[in-house]
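Going down the list, the sequences are from chains A and B.
Under the working numbering, the first sequence has 350 at position 94, and the numbering climbs by one with no breaks.
Under the working numbering, the second sequence has 330 at position 74, and the numbering climbs by one with no breaks.
There are 2 protein chains.
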Amino acid sequence: MNYPLKQKEKYSKNVIDYRNRGMNLEGLINSANEYYLETDKAVIYKKPTPIGILDVDYSRNRIRDAYFKDKSTFDYNGVYRGKYIDFEAKESHSKTSFPLANIHPHQIEHLKRILRHDAISFLIVSIRDQFFLLKGEDLIDFINSAKRKSIPYSYFLDNCEIIEEKLRPTLDYLKVVDRIYFKGE
Amino acid sequence: MNYPLKQKEKYSKNVIDYRNRGMNLEGLINSANEYYLETDKAVIYKKPTPIGILDVDYSRNRIRDAYFKDKSTFDYNGVYRGKYIDFEAKESHSKTSFPLANIHPHQIEHLKRILRHDAISFLIVSIRDQFFLLKGEDLIDFINSAKRKSIPYSYFLDNCEIIEEKLRPTLDYLKVVDRIYFKGE
């Protein structure tokens with residue numbers, strides 16, 4: 257868990273407070289995934305950070321030198337309702353738009369590939385204290401049609417569903433996945 | 257890629273040699289996954305090794321101290337024919353059996369979980385220079401019924417399909433997946 261210890265203590269005591277302030281987006285998603293795992297709703301994990309190991313002290317089994325590799329896939333993947341689910345979480349620091357430079361070109365290639373194989377794939381974008389589910393297909397369309405370098409806030413309001421922030425799960429993104437990808441089932 | 261440079265050079269020249277000697281099981285699977293990616297057959301990756309980072313030199317963006325975490329999931333996952341696929345590769349150093357101690361209890365929990373969510377999950381076991389696909393369901397059954405600490409070689413011969421080793425893909429495990437999981441489709 258990547259959120260501060262104080263928050264962890266607070267929520268483990270079941271204090272009802274629907275504003276998970278202090279948890280960043282990654283913390284909210286990790287916490288939601290733990291909830292989904294505990295309640296047997298889905299099995300979704302954050303992938304370990306890809307690193308290149310340069311030096312290991314084998315006597316202590318410790319890494320002494322390593323570097324961070326570029327990500328070529330998305331951070332989270334797993335299985336939900338028998339389907340492959342694969343997504344990325346991004347926080348926008350701008351209040352007016354989400355810069356596409358936040359997404360690595362290799363990640364776009366990855367997205368196109370998995371969509372061809374019928375994956376459920378999307379971005380969870382945090383902007384202005386709101387959380388939007390941006391479908392992978394919509395992201396590709398936006399990149400192909402609009403010649404802009406960022407997605408305006410208004411686009412999210414008009415085209416994306418809002419993900420509710422609550423106590424448990426902290427961020428109920430599978431509820432939105434149900435609405436979008438499992439309509440009428 | 258984790259196989260020696262000499263092998264890499266050899267095979268990039270399209271020399272026909274069906275014995276991929278010198279490549280270990282991980283190398284064979286990584287190479288097969290690259291082939292599946294290039295031919296747009298599936299999108300399957302090896303997960304990065306999970307590590308715990310203790311010290312980072314931020315000025316150089318380098319990890320100065322880290323340790324290896326225990327694996328609680330399987331090494332490979334991705335999407336194939338719209339389904340979630342998740343598996344582990346194991347080499348048995350014994351010629352008579354595959355010791356179950358090779359599989360961490362957390363990995364068994366992970367396997368049970370994803371099978372409940374309709375994942376395709378299995379082990380690729382290398383024993384006596386042969387490669388077997390051991391279905392996750394069969395592994396669970398074996399653990400539950402036989403009170404043995406290892407799976408005898410004869411079990412693989414009687415219950416598992418053999419994965420063919422060739423030039424490209426080096427290890428055609430999806431052919432066996434087709435036979436087992438997509439019968440008659």
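Cβ coordinates follow ideal geometry from the N, Cα and C atoms, glycine included.
Same chain, Cβ closer than 6 angstroms to residue i, neighbours up to 5 away in sequence not counted
i: glutamate 417 (chain B); result: Leu389 and Val432
i: glutamate 420 (chain A); result: Asp428
i: valine 312 (chain B); result: Ile319
i: alanine 288 (chain B); result: Pro425, Thr426 and Leu427
i: alanine 375 (chain B); result: Tyr340 and Asp342
i: lysine 391 (chain B); result: Phe378
i: proline 408 (chain A); result: Ser353
Neighbourhood of residue i by C-beta, 7 angstroms cutoff - its chain only, sequence neighbours within 5 removed
i: tyrosine 291 (chain B); result: Arg424 and Pro425
i: lysine 368 (chain A); result: Ile396
i: phenylalanine 343 (chain B); result: Phe330, Tyr332, Ser377, Phe378, Leu379 and Ile380
i: histidine 366 (chain A); result: Ser328, Thr329 and Phe330
i: leucine 430 (chain A); result: Tyr292, Lys297, Ala298 and Tyr336
Any chain A beta carbon closer than 8 angstroms to residue i
i: isoleucine 396 (chain B); result: no
i: proline 304 (chain B); result: yes
i: histidine 373 (chain B); result: yes
i: asparagine 358 (chain B); result: no
i: phenylalanine 330 (chain B); result: no
i: alanine 462 (chain B); result: Limits of chain B in this structure are 257 at one end and 441 at the other, which puts residue 462 (chain B) out of reach.
i: glycine 338 (chain B); result: yes
i: asparagine 280 (chain B); result: no
i: asparagine 289 (chain B); result: no
i: valine 335 (chain B); result: yes
i: arginine 384 (chain B); result: no
i: arginine 369 (chain B); result: yes
Start and end residues, alpha helix (DSSP H) containing residue i
i: alanine 288 (chain A); result: 281-294
i: lysine 368 (chain A); result: 361-372
i: isoleucine 399 (chain B); result: 392-401
i: isoleucine 250 (chain B); result: Residue 250 (chain B) is absent from the model: chain B starts at 257 and stops at 441.
i: asparagine 415 (chain A); result: 409-415
Short CB-CB distance (under 8 angstroms) between residue i and chain B
i: tyrosine 292 (chain A); result: no
i: arginine 435 (chain A); result: no
i: isoleucine 364 (chain A); result: no
i: isoleucine 285 (chain A); result: no
i: tyrosine 481 (chain A); result: Nothing in the structure corresponds to residue 481 (chain A), since chain A is present only between 257 and 441.
i: asparagine 258 (chain A); result: Confidence is the limiting factor: at asparagine 258 (chain A) the pLDDT is only 44, short of 50, which leaves the residue's position unreliable, though a coordinate-based value still follows. So, not an interface residue.
i: tyrosine 314 (chain A); result: no
i: tyrosine 301 (chain A); result: yes
i: isoleucine 419 (chain A); result: no
i: isoleucine 407 (chain A); result: no
i: isoleucine 399 (chain A); result: no
i: isoleucine 380 (chain A); result: no
Contact under 8 angstroms by Cβ, residue i with residue j
i: lysine 303 (chain B); j: lysine 303 (chain A); result: yes
i: alanine 322 (chain B); j: alanine 345 (chain A); result: no
i: serine 328 (chain A); j: histidine 373 (chain A); result: no
i: serine 401 (chain B); j: serine 348 (chain B); result: no
i: phenylalanine 324 (chain B); j: isoleucine 309 (chain B); result: no
i: isoleucine 319 (chain B); j: leucine 356 (chain B); result: no
i: histidine 360 (chain B); j: aspartate 414 (chain B); result: no
From the options, residue whose alpha carbon lies closest to that of residue i
i: aspartate 434 (chain B); options: B:Ala298, B:Phe398, B:Pro306 and B:Ser406; result: B:Ala298
i: tyrosine 437 (chain B); options: B:Ile341, B:Phe387 and B:Thr329; result: B:Ile341
i: isoleucine 300 (chain B); options: A:Val312, A:Ile370 and A:Leu430; result: A:Ile370
i: serine 406 (chain B); options: B:Met279, B:Ser353 and B:Gly308; result: B:Ser353
i: aspartate 296 (chain A); options: A:Leu310, A:Arg318 and A:Gly334; result: A:Gly334
i: isoleucine 285 (chain A); options: A:Lys351, A:Glu365, A:Phe387 and A:Thr305; result: A:Phe387
i: glutamate 441 (chain B); options: B:Arg337, B:Ala357 and B:Asn317; result: B:Arg337
i: serine 410 (chain B); options: B:Asp326, B:Ile399, B:Lys351 and B:Lys403; result: B:Lys351
i: arginine 384 (chain A); options: A:Ala288, A:Phe412, A:Glu294 and A:Tyr314; result: A:Phe412
Endpoints, beta strand (DSSP E) assigned at residue i
i: lysine 346 (chain B); result: 339-347
i: arginine 318 (chain B); result: 318-324
i: isoleucine 419 (chain A); result: First-last for isoleucine 419 (chain A): undefined, no H or E at that position.
i: asparagine 358 (chain B); result: Element bounds for asparagine 358 (chain B): n/a, residue is neither H nor E.
i: lysine 302 (chain B); result: 299-302
i: serine 382 (chain A); result: 376-383
i: tyrosine 332 (chain A); result: 332-336
Close Cβ partners of residue i (< 8 angstroms) along its chain, the five nearest in sequence each way excluded
i: glutamate 393 (chain B); result: Leu371
i: lysine 439 (chain A); result: none
i: asparagine 358 (chain A); result: Lys346 and Ser348
Under 9 angstroms by beta carbon: chain E residues contacting residue i
i: arginine 318 (chain A); result: You won't find chain E in this structure, because its protein chains are A and B.
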